[in-house]
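Residue numbers (our numbering), protein chains in the order written: chain A, -18 to 105; chain B, 18 to 235.
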């Protein structure tokens, strides 16, 4: 039960609530017009894969869906050996993207590409 | 305020999987011949896209496409004068060569307008399947209730024969003008029916086969 254990350690007490630098989802929109592809990619007009960035807090809250190992690694980093890195902030869930495009022979193609947009982040 | 990226600044093979997958289809890659699609096929697919995905391109949970790939194939006509009196007869061929192996056909429908309003009357249309020359013609009846005026005919059985799939589909677009012929639009051509292939792409989103070491066919 890391929740109660954490309260015994002073520097854990300082981490209450989400810090601005905490691991979180960031936008990274790229417009197909930038790539000069907007005359054959009909929709969407831009692709925003997003990415995860930030430090993983010592207290890994439930919404991070972090595996138990990440909790252990965080403790090892904090209490035993700082050379063991903190868990990394990486994408947790993805969603596909639907693209409508013109084909070489004048046809029109609707296709869904799997796992192309990060929907949430985790620490592990 | 992003300045446009000069394409030259992109690495020869972009590392973003989506861009990599799309680049194989970009103009300049082999096969580009025709200008952009327009008119009713484009409007049809844009409506389909808006029902299936949001502005960011994320598929909607409520979409009921049943597949991850839909290809609209436009017909090529055999030329000649389609009008003969009140009748409009146009032979159409849909070429299906070169379908990617990873895309497996689930369903195929031909979409057309069964009825067009004219200034003075209507144009009523139907589709006939042109099978082997000696076989009687098959009048294709719509298999789905017209939506937004469009009718759909399921032609899957005519495309998949046994284990193989046909290289082309030949149809006749037959219309008759009901009402008085008057004015210049008596000879208006109905929009050409288009073929929709509902495909399951087993490699959607992965690096295109060409990116993998080439495996020789057994």
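All residues carry an ideal CB built from backbone N, CA and C; glycine is no exception.
C-beta contact flag for residue i and residue j at 8 Å
| i | j | result |
| --- | --- | --- |
| residue 186 of chain B | residue 87 of chain B | no |
| residue 116 of chain A | residue 59 of chain A | For chain A, the structure presents residues -18 to 105; residue 116 of chain A sits outside this window and is missing. |
| residue 157 of chain B | residue 147 of chain B | no |
| residue 77 of chain A | residue 76 of chain B | yes |
| residue 99 of chain A | residue 48 of chain A | no |
| residue 6 of chain B | residue 119 of chain B | With chain B covering only 18 through 235, there is no way to say anything about residue 6 of chain B. |
| residue 130 of chain B | residue 166 of chain B | yes |
| residue 211 of chain B | residue 155 of chain B | no |
Spatial distance of residue i from residue j (CA atoms)
| i | j | result |
| --- | --- | --- |
| residue 19 of chain B | residue 161 of chain B | For residue 19 of chain B, the pLDDT reaches just 47, beneath the cut-off of 50, and the residue's location in the model is therefore unreliable, leaving the point undetermined. |
| residue 159 of chain B | residue 89 of chain B | 18 Å |
| residue -6 of chain A | residue 61 of chain A | With a pLDDT of only 48 at residue -6 of chain A, under the threshold of 50, the placement of this residue in the model should not be trusted; the figure read from the coordinates follows. Computed Cα separation, rounded: 18 Å. |
| residue 36 of chain A | residue 27 of chain A | 28 Å |
| residue 139 of chain B | residue 80 of chain B | 34 Å |
| residue 84 of chain B | residue 103 of chain A | 30 Å |
| residue 195 of chain B | residue 74 of chain A | 57 Å |
| residue 89 of chain A | residue 45 of chain A | 40 Å |
| residue 135 of chain B | residue 208 of chain B | 13 Å |
| residue 66 of chain B | residue 73 of chain B | 12 Å |
| residue 5 of chain A | residue 32 of chain A | 8 Å |
| residue 17 of chain A | residue 11 of chain A | 11 Å |
| residue 52 of chain A | residue 168 of chain B | 58 Å |
| residue 61 of chain B | residue 101 of chain A | 33 Å |
| residue 114 of chain B | residue 41 of chain A | 54 Å |
| residue 57 of chain A | residue 70 of chain A | 17 Å |
| residue 228 of chain B | residue 38 of chain B | With a pLDDT of only 45 at residue 228 of chain B, under the threshold of 50, the placement of this residue in the model should not be trusted, and no figure is reported. |
| residue 145 of chain B | residue 34 of chain B | 43 Å |
| residue 231 of chain B | residue 36 of chain B | Low per-residue confidence applies at residue 231 of chain B: pLDDT is 49, beneath 50, and the placement is therefore not dependable, though the value from the model is reported in the following sentence. Going from the Cα of residue 231 of chain B to the Cα of residue 36 of chain B covers about 21 Å. |
| residue 205 of chain B | residue 132 of chain B | 13 Å |
| residue 59 of chain B | residue 219 of chain B | 26 Å |
| residue 104 of chain B | residue 71 of chain B | 43 Å |
Given residue i as reference, the closest of the options once Cα atoms are compared
| i | options | result |
| --- | --- | --- |
| residue 22 of chain A | B:71, B:177 and B:40 | B:40 |
| residue 184 of chain B | B:112, B:208 and B:207 | B:112 |
| residue 93 of chain B | B:107, B:103 and B:175 | B:107 |
| residue 2 of chain A | A:57, A:9, A:69 and A:34 | A:34 |
| residue 143 of chain B | B:68, B:190, B:73 and B:122 | B:190 |
| residue 123 of chain B | B:78, B:175, B:192 and B:34 | B:175 |
| residue 14 of chain A | A:86, A:24 and A:69 | A:24 |
| residue 63 of chain B | A:63, A:82 and A:50 | A:82 |
| residue 57 of chain B | B:38, B:43, B:91 and B:37 | B:91 |
| residue 217 of chain B | B:188, B:121 and B:137 | B:121 |
| residue 50 of chain A | A:68, A:63 and A:43 | A:68 |
| residue 193 of chain B | B:164, B:141, B:220 and B:177 | B:141 |
| residue 105 of chain A | A:87, A:72 and A:19 | A:72 |
**Request:** Report yes or no: do the region 96 to 108 of chain B and the region 84 to 97 of chain A share at least 3 C-beta pairs separated by less than 8 Å?
**Result:** With a cut-off of 8 Å, the region 84 to 97 of chain A and the region 96 to 108 of chain B do not count as touching, because too few Cβ pairs lie within range.
**Message:** Extract the residue ranges of the alpha helix (DSSP H) inside the region 1 to 82 of chain A, only unbroken runs of 4 or more that lie entirely within it.
**Reply:** 49 to 56
**Item:** Continuous beta strand (DSSP E) assignments of at least 3 residues falling wholly in the region 95 to 122 of chain B
**Value:** Taking only runs of at least 3 residues, the beta strand (DSSP E) segments lying wholly in the region 95 to 122 of chain B are 104 to 112.
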